[in-house]
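Visitor: Residue numbers (UniProt numbering): 1 to 503.
We put the beta carbon where it would ideally sit given N, CA and C, even for glycine.
Got a structure for you, questions after.
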């Protein structure tokens, strides 16, 4: 399918850049097709196999009631993935799961916190080998104006919603001892969030998909078809073998007819629904895995924090929205090739062409951004063994496509006809770089809607798709216009951006 609308996504690139997280892919999932040919029909089709698609399948097969709990579902389910399973944004992100508590509306903060706890408890109860590590999140602000706005927002949350603000700590710039302890001595101030985690996202999702394949091995109840891109959808009018309306899903390998379809397509949603091109915009981000200085001999301490570094554009400071986690150490605790301890550092989007906006191809790594990621972690992070401006060695550099929502909230629910949808079509996408602390329970909520139970499971009202929301959002700025303004000055509820604390 040729892109027809400016900014519309095309199909995922057939030769994407190599992600750190995809260096050891699942032998079960690579090239997996549960059946040699596509089935003619299915009760439900999910397009996309990242965190949203995987958890939607998880909840569909186990049911969802008003409490978000249920029993095994019996529908025939087909999952279609354009590339290999989980090779999109979930397999290419920054390895964070962190609810953004002080910078969101309380209902959104509650939901992200619930999502974080759900994933943490699931990983623990099922012993999922995805390197989940609980950390504290340190948000280092590089400019005083931005720090003061963030600090004021955090203090208001402490007064209005103390249960959400529990453990949040505002570190003022004069508290130099504390900033040194946090390894951010040069920032203009920091805010600490106690609930955060680093993980290997691909391994979490591959566990969910492998378990579904194992539990439903007859290829009827769950049929995974990788390397099967969806090129278009056709609305049917009750003249199909299902004797009802529905959807015909077109792929290069044939078509499938279904009464219900879920688009778990995030940044690629507009490829299928051109009418949503201005509502969910593909935005390319870039990440590198970095080895600290002294890679062969110097032991690297395991940092107990993840980091976000943020600044608005000034005469002396570039626009920044960067994020970092450290991988666990292994093999004697030294950060050498294969020994762990790498810094997964993402950002530098201010140097990307057009800030990566409306870019849906993840096969290219931009040189200026890659250089920024190698040279601009220290400072603000104090690595002790590295001098200012030290260029760190990158073992992997890759890009991934995020789905930026025009109002910064995901789109979850039935797709109206005016957007190319109609009865039986649902969407769960548009996380604006915040998919890890949203995707799983957004998937649970949309499954409740698909079952007709309307079990939204705490889903914020601002996430729900509606005609009124479309009208309201289209009266505001486009994503391009918002990026051209000082988005940091309009961030949080007051302030207007979502830093990448959850990527």
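Would you report the Cα separation of residue 366 and residue 401, rounded to the nearest angstrom?
Guide: To locate residue 366, count along the chain shown from 1; it is residue 366. To locate residue 401, count along the chain shown from 1; it is residue 401. So the two alpha carbons sit approximately 14 Å from each other.
Visitor: Is residue 139 closer than 9 Å to residue 152 when the C-beta atoms are compared?
Guide: Within the chain shown, the letter at position 152 stands for residue 152. Within the chain shown, the letter at position 139 stands for residue 139. Cβ distance not < 9 Å, so residue 152 and residue 139 don't count as in contact.
Visitor: Just reading off the alpha helix (DSSP H) that residue 203 is part of, what are its end residues?
Guide: Mapped onto the chain shown, residue 203 falls at position 203. Looking at the DSSP string, the run of the alpha helix (DSSP H) that includes residue 203 is 201-215.
Visitor: Going by C-alpha distance, which of 83, 15, 62 is nearest residue 33?
Guide: In the chain shown, residue 33 corresponds to position 33, counting from 1. Measuring from the Cα of residue 33, the nearest candidate turns out to be 83.
Visitor: Out of 119, 176, 254, 20, which has the shortest C-alpha to C-alpha gap to residue 40?
Guide: On the chain shown, residue 40 is found 40 positions in, with the first residue counted as 1. Closest by alpha carbon: 254.
Visitor: Spell out the partners DSSP gives residue 96 in its beta bridges.
Guide: The sequence position of residue 96 within the chain shown is 96, counting from 1. DSSP, once it has assigned bridges, lists 198 as partnering residue 96.
Visitor: Taking 9 Å as the threshold (C-beta atoms), are residue 290 and residue 372 in contact?
Guide: Working through the chain shown from its first residue, we reach residue 372 at position 372. Working through the chain shown from its first residue, we reach residue 290 at position 290. Their beta carbons are not under 9 Å apart, which means residue 372 does not touch residue 290 by this criterion.
Visitor: Going by beta carbon distance, what residues of the same chain come within less than 6 Å of residue 432, once the five residues before and after it are set aside?
Guide: Counted from its first residue, the chain shown places residue 432 at position 432. Answer for residue 432: 404, 405, 408, 498, listed in chain order.
Visitor: What would DSSP say about residue 427, mapped onto helix, strand or coil?
Guide: Residue 427 sits at position 427 when you count from the first residue of the chain shown. DSSP places residue 427 in strand when its eight states are reduced to three.
Visitor: Of all the options 363, 369, 358, 340, which has the alpha carbon lying nearest to the alpha carbon of residue 350?
Guide: Here residue 350 refers to the residue found at position 350 of the chain shown. Closest by alpha carbon: 369.
Visitor: Going by DSSP, what residue range makes up the alpha helix (DSSP H) through residue 60?
Guide: Locating residue 60 in the chain shown gives position 60, counting from the first residue. It spans 51-62 - the alpha helix (DSSP H) in which residue 60 sits, taken as one unbroken run.
Visitor: In or out: residue 5 buried (at least 16 other Cβ within 10 Å) or exposed?
Guide: As a working mapping, residue 5 is identified with position 5 in the chain shown. Flag for residue 5 reads exposed.
Visitor: So, does the segment 76-96 touch the segment 435-453, judging by three or more C-beta pairs under 8 Å?
Guide: yes
Visitor: List the endpoints of the continuous beta strand (DSSP E) containing residue 139.
Guide: Numbered from its first residue, the chain shown carries residue 139 at position 139. In this chain, the beta strand (DSSP E) harbouring residue 139 covers 133-141.
Visitor: Could you work out which residue in 310, 292, 378, 262 is closest to residue 414 when comparing CA atoms only?
Guide: For the purposes of this step, residue 414 is identified with residue 414 of the chain shown, where counting begins at 1. Of 310, 292, 378, 262, the residue nearest in Cα terms is 262.
Visitor: What is the rounded straight-line gap between the Cα of residue 15 and the Cα of residue 44?
Guide: Stepping through the chain shown from its first residue, residue 15 is reached at position 15. Stepping through the chain shown from its first residue, residue 44 is reached at position 44. Near 29 Å, if we compare the C-alpha coordinates of residue 44 and residue 15.
Visitor: Does the beta-carbon distance from residue 26 to residue 88 come in below 9 Å?
Guide: Walking along the chain shown from the start, residue 26 turns up at place 26. Walking along the chain shown from the start, residue 88 turns up at place 88. The answer is no: Cβ separation not under 9 Å.
Visitor: Apply the 10 Å Cβ neighbour rule to residue 174 and answer buried if 16 or more other Cβ atoms are within range, or exposed otherwise.
Guide: Taking the chain shown and counting its residues from 1, the one referred to as residue 174 is at position 174. Exposed, since its Cβ has fewer than 16 Cβ neighbours within 10 Å.
Visitor: May I ask which residues mark the beginning and end of the alpha helix (DSSP H) holding residue 121?
Guide: Position 121 of the chain shown, counting from 1, holds the residue named residue 121. According to the DSSP assignment, residue 121 belongs to the alpha helix (DSSP H) that extends over 106-126.
Visitor: With distances taken Cα to Cα, identify the nearest neighbour of residue 145 among 310, 376, 395, 416.
Guide: As a position in the chain shown, residue 145 is number 145, starting the count at 1. The residue with the shortest Cα to Cα distance from residue 145 is 310.
Visitor: Count the C-beta pairs between the segment 124-131 and the segment 193-208 that are closer than 8 Å, then say yes if the count reaches three, no if not.
Guide: yes
Visitor: If you draw a straight line from the alpha carbon of residue 239 to that of residue 137, how long is it in whole angstroms?
Guide: Here residue 239 corresponds to residue number 239 of the chain shown, with the count starting at 1. Here residue 137 corresponds to residue number 137 of the chain shown, with the count starting at 1. Because the pLDDT at residue 239 is just 49, under 50, the model does not fix this residue reliably, and the point stays unresolved.
Visitor: Which value, in whole angstroms, describes the spacing of the CA atoms of residue 250 and residue 265?
Guide: Looking up residue 250 in the chain shown gives position 250. Looking up residue 265 in the chain shown gives position 265. Straight across, the Cα-Cα distance linking residue 250 with residue 265 is about 15 Å.
Visitor: Find out if the Cβ-Cβ distance for the pair residue 269, residue 430 is shorter than 9 Å.
Guide: In the chain shown, the residue the question calls residue 269 occupies position 269. In the chain shown, the residue the question calls residue 430 occupies position 430. Cβ distance < 9 Å, so residue 269 and residue 430 count as in contact.
Visitor: Could you name the residues that DSSP lists as bridge partners for residue 286?
Guide: Taking the chain shown and counting its residues from 1, one reaches residue 286 at position 286. BP columns for residue 286 point to 399.
Visitor: Starting from residue 412, trace the beta strand (DSSP E) in both directions and tell me its first and last residue.
Guide: By one-based count along the chain shown, residue 412 stands at place 412. Segment 411-414, the beta strand (DSSP E) holding residue 412.
Visitor: By Cβ distance, which residues of its chain are closer than 8 Å to residue 31, with the 5 residues on each side in sequence left out?
Guide: Taking the chain shown and counting its residues from 1, the one referred to as residue 31 is at position 31. Closer than 8 Å at the Cβ level, and outside the excluded window around residue 31, lie 84, 226, 227.
Visitor: So if DSSP puts residue 291 in a beta bridge, which residue, or which two residues, is it bridged to?
Guide: Numbered from its first residue, the chain shown carries residue 291 at position 291. Its beta-bridge partners are 393.
Visitor: Secondary structure at residue 69, three-state DSSP: helix, strand or coil?
Guide: Residue 69 sits at position 69 when you count from the first residue of the chain shown. With a pLDDT of 44 at residue 69, under the threshold of 50, the predicted position of this residue should be treated as unreliable, though the coordinate-derived value follows. If DSSP states are grouped into helix, strand and coil, residue 69 belongs with coil.
Visitor: Quick one: what does DSSP say residue 558 is sitting in, helix, strand or coil?
Guide: The structure shown does not extend to residue 558, since the chain is modelled only from 1 through 503, so no value can be given for it.
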